[in-house]
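Worksheet for the structure shown next.
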Amino acid sequence: MPEWCLRFGTVPLAKNPTLPEGFIDAYTADVLKVGRASGLDQVGVAPAEVMTQARVALIERKSRGLHDTMEFTYRNPERSTDPSMALQDAKAMIVGAYSYAQPMSQASNVLSARVARYAQRDYYAELKLGLNAMRDKLRDEGWKAMVFADDNSLVDRGAAHLAGLGWFGKNANLLLKGHGSFFVLGSVVTNAPLRIATTQVDDGCGACKRCIDACPTGAIVENGVVDASKCLAWLIQKPGVFDRRYRVALADRIYGCDDCQEVCPPTQRLSITKKQNAELRQWVSVIQLLDMDDAALLSNFKHWYITDRDPTWVRRNALINLGNIGDGSDPDVQEVIVRYLNHPQPVLRAHAVWAAARLNLRHLINFADNDPLVADELRSLPDPR
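Reminder that position 290 of the sequence shown reads as 558 in my numbering, one-by-one numbering, no gaps.
Next up, the structure:
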């Protein structure tokens, strides 16, 4: 017999357990306790109803083109904002938050590219340990339960807001009350009749607009609204030619961008920082990355989202990094530039052309390359740094 039946003196039906109203608070506390004991930093419960605010925002921003070519929860707002599409008789979403806050170390060498905090290790795997523990408890006790984390099936920030975990900052991130925004979020959708949060966290940003001012590309176009076509965190993942307007702004970032969070007062001062038992990858050697074959690159960065698992897009970003922070007089840099100027993929030759021009290595460029992508770069060479 499930533990909660013994504690609360009730016997569930085999397939359709019930929970007397008087026991809901205690049972909810038991489930959330399991999540915390399994590593989650914050937990809360939201109603398994249509997330109207999130749906309106997704549809409106998609109509304005602010999603760029991003799909994820934009792909099907009706599905990603309705937990009953995932579990037909859903009653609650248990939302968990796991902190990825860590101070940045100094780069081990000058030609290193930065990794945003959320991608320095697989924090979603650790988040899922807590979510899975709650899911397993619910299932063991007769309820249906499904886990969603980093999944286009459910808007995690919308669920977290309804669960009373935090408010939406001007940078569109969810800020947990007292702790800021360095968290990954996920949910357990269940048909268990849990106690739902009755209030949401009030806005805590006030007049502060440091995140807006700090964005290197001006991507925060309104309070709480980000134009994905300008956001470095998206452009780094987006396939194709990297928008020329934002290559210099990319600077030494190889994956993700933390700028709007790094200047946020509650995120700066109140983040939950934990001792890490596994190594963090905060910096990546640009030369080593560009020297890796496909298998090595995908293995080394397997928890990064890489479109179609195609290493081209990571190499493209690294070539931009090289143009921004490399030393054109360094023989190793010159060797890499020459190799990529002669790469069989035009998109990589094009970005190598840009990097070569930035490093004052125009004499290495093949100006006779007539591939359309490369020719377009040759017509718009940047000035040397």
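Quick reminder that beta carbons are idealized off the backbone N, C-alpha and C, glycines included. The model shown is predicted, which means the values in this text are computed figures rather than measured ones.
Contacting residues, own chain, Cβ-Cβ under 6 Å from G303 (five flanking each side not counted): As a position in the sequence shown, residue 303 is number 35, starting the count at 1. The answer, listed in chain order, is V311, G364, G398, M402.
Cutoff 8 Å; reference I588; Cβ partners in own chain excluding five residues on either side: As a working note, residue 588 is residue 320 in the sequence shown. Excluding sequence neighbours, I588 sits near F510, R515, L518, H619, W622, A623.
Opening and closing residue of the beta strand (DSSP E) in which P315 lies: Sequence index remark: in the sequence shown, residue 315 carries index 47 (1-based). Unbroken beta strand (DSSP E) run through P315: 310-315.
For Y523, report the span of its beta strand (DSSP E) as first-last. For the purposes of this step, residue 523 is taken as the residue at position 255 of the sequence shown. That run of the beta strand (DSSP E) goes 521-523.
Kindly indicate which three-state DSSP category F510 falls into: helix, strand or coil? Sequence index remark: in the sequence shown, residue 510 carries index 242 (1-based). Three-state result, F510: coil.
Would you kindly check if the distance between the Cβ of L616 and the Cβ of V604 is under 8 Å? The residue labelled residue 604 in the question sits at position 336 within the sequence shown. The residue labelled residue 616 in the question sits at position 348 within the sequence shown. Contact: no.
Exposed unless 16 or more other CB atoms sit within 10 angstroms - verdict on H631: Here residue 631 refers to the residue found at position 363 when the sequence shown is read from its first residue. It is exposed - the Cβ of H631 has fewer than 16 other Cβ atoms within 10 Å.
Taking Cβ to Cβ, would you say G434 is nearer than 8 Å to L422? On the sequence shown, position 166 is the one that residue 434 refers to. On the sequence shown, position 154 is the one that residue 422 refers to. Taking 8 Å as the Cβ cut-off, G434 and L422 do not qualify as a contacting pair.
Rounded to the nearest angstrom, what separates I540 and L609 at their Cα positions? Counting from 1 along the sequence shown, the entry for residue 540 is found at position 272. Counting from 1 along the sequence shown, the entry for residue 609 is found at position 341. Going by the C-alpha atoms only, they are around 45 Å apart.
Quick one: grab the DSSP three-state call for G448. Here residue 448 refers to the residue found at position 180 of the sequence shown. G448: strand per DSSP, three-state reduction.
Decide if K438 is buried, meaning its Cβ has at least 16 other Cβ atoms within 10 Å, or exposed. The residue labelled residue 438 in the question sits at position 170 within the sequence shown. It counts as buried.
Grouping DSSP H, G and I as helix and E and B as strand, with all else coil, what is F416? In the sequence shown, residue 416 corresponds to position 148, counting from 1. Strand, per DSSP.
8 Å Cβ cutoff met for L379 and I593: Along the sequence shown, one-based indexing puts residue 379 at 111. Along the sequence shown, one-based indexing puts residue 593 at 325. Closer than 8 Å, so yes.
In its own chain, which residues sit with a C-beta less than 6 Å from the C-beta of T296, not counting the 5 before and 5 after it? Sequence index remark: in the sequence shown, residue 296 carries index 28 (1-based). Cβ within range, chain order: L462, R463.
Look up A297 in the DSSP assignment and say whether it is helix, strand or coil. What you label residue 297 is simply residue 29 of the sequence shown in a count that begins at 1. A297 falls in the helix class under three-state DSSP.
Who are the near neighbours of V493 in its chain, counting only those whose CB is closer than 6 Å to its CB and skipping five residues on each side? One-based indexing of the sequence shown puts residue 493 at position 225. If we look at V493 and ignore the five residues flanking it on each side, it has no Cβ neighbours.
Please classify V324 as buried or exposed, where buried requires at least 16 neighbouring CB atoms within 10 angstroms. As a first step, residue 324 is located in the sequence shown; it is residue number 56 there, counting from the start. So V324 ends up on the exposed side.
DSSP state of F340, grouped into three classes? Your numbering for residue 340 matches position 72 in the sequence shown. The answer is helix: DSSP assigns F340 an H, G or I state.
Across which residues does DSSP place W435 in a beta bridge pair? By one-based count along the sequence shown, residue 435 stands at place 167. Paired residues: L443.
Are G454 and M319 close, meaning C-beta to C-beta below 8 Å? Taking the first residue of the sequence shown as 1, we reach residue 454 at position 186. Taking the first residue of the sequence shown as 1, we reach residue 319 at position 51. Their beta carbons are not under 8 Å apart, which means G454 does not touch M319 by this criterion.
Would you mind working out which of V313, N344, E317, A314 sits nearest E328, comparing C-alpha positions? What you label residue 328 is simply residue 60 of the sequence shown in a count that begins at 1. Considering only alpha carbons, the answer is N344.
Range covered by the beta strand (DSSP E) that runs through A360: Position 92 of the sequence shown, counted from the start, is the residue given in the question as residue 360. Segment 360-367, the beta strand (DSSP E) holding A360.
Which of helix, strand or coil DSSP assigns to A643: Translated into positions along the sequence shown, residue 643 becomes position 375. The answer is helix: DSSP assigns A643 an H, G or I state.
Comparing C-alpha positions only, which one of Q602, D600, D562 sits nearest to R583? Position 315 of the sequence shown, counting from 1, holds the residue named residue 583. Here the closest residue by C-alpha is D562.
C-beta atoms of C525 and A381 nearer than 8 Å: Reading the sequence shown from its first residue, position 257 is the one you call residue 525. Reading the sequence shown from its first residue, position 113 is the one you call residue 381. Contact flag unset, no.
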